[in-house]
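One structure is given below, encoded as structure tokens.
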Amino acid sequence: MEDEVDRLVAAWRRERPDLDVEPLEVLSRVSRLARHLDRARRLAFSEHSLEPWEFDVLTSLRRAGPRTSSPPASSSPRRSSPPAR
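First residue of the sequence shown: 0, per numbering that gives the first Met the number 0; consecutive thereafter.
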């Protein structure tokens, strides 16, 4: 079954038979696959009202485990009261 990449590669081979178009073929397919996976990922996230970056943050926190379970304010350099004198 011929696809768009096959037609693109065939056109280059016809016009420039001296060029090695194998890298073009591989990169074109990888690029198309990456776009397809990105669309599927975004669709799955949108079903849960998540942006891709939010999912990345959540998975990073989950991988970090319970040792990072303290609230963000507790690790902040700001103090709630002035330092003791």
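Using N, Cα and C, we set each Cβ at its ideal position, and we do this for glycine too.
- Message: Assuming Val-56 and Arg-28 are in contact, meaning their beta carbons sit under 8 Å apart, how far apart are those beta carbons, in whole angstroms?
- Response: Here residue 56 refers to the residue found at position 57 of the sequence shown. Here residue 28 refers to the residue found at position 29 of the sequence shown. Not really, about 31 Å apart at Cβ, beyond 8 Å.
- How close, in whole Å, do the beta carbons of Val-8 and Val-25 come, if the pair is a contact with beta carbons under 8 Å? Counting from 1 along the sequence shown, the entry for residue 8 is found at position 9. Counting from 1 along the sequence shown, the entry for residue 25 is found at position 26. Actually they do not touch by this definition, with Cβ atoms about 10 Å apart.
- Among residues of its own chain, excluding the 5 on either side of Glu-50, which ones have a beta-carbon nearer than 8 Å to its beta-carbon? Start at 1 with the first residue of the sequence shown, and residue 50 comes out as number 51. Correct list, in chain order: Phe-44.
- Within 8 Å: the Cβ of Asp-2 and any heavy atom of the ligand ADP? This structure lacks the ligand ADP; in fact it carries no ligand of any kind.
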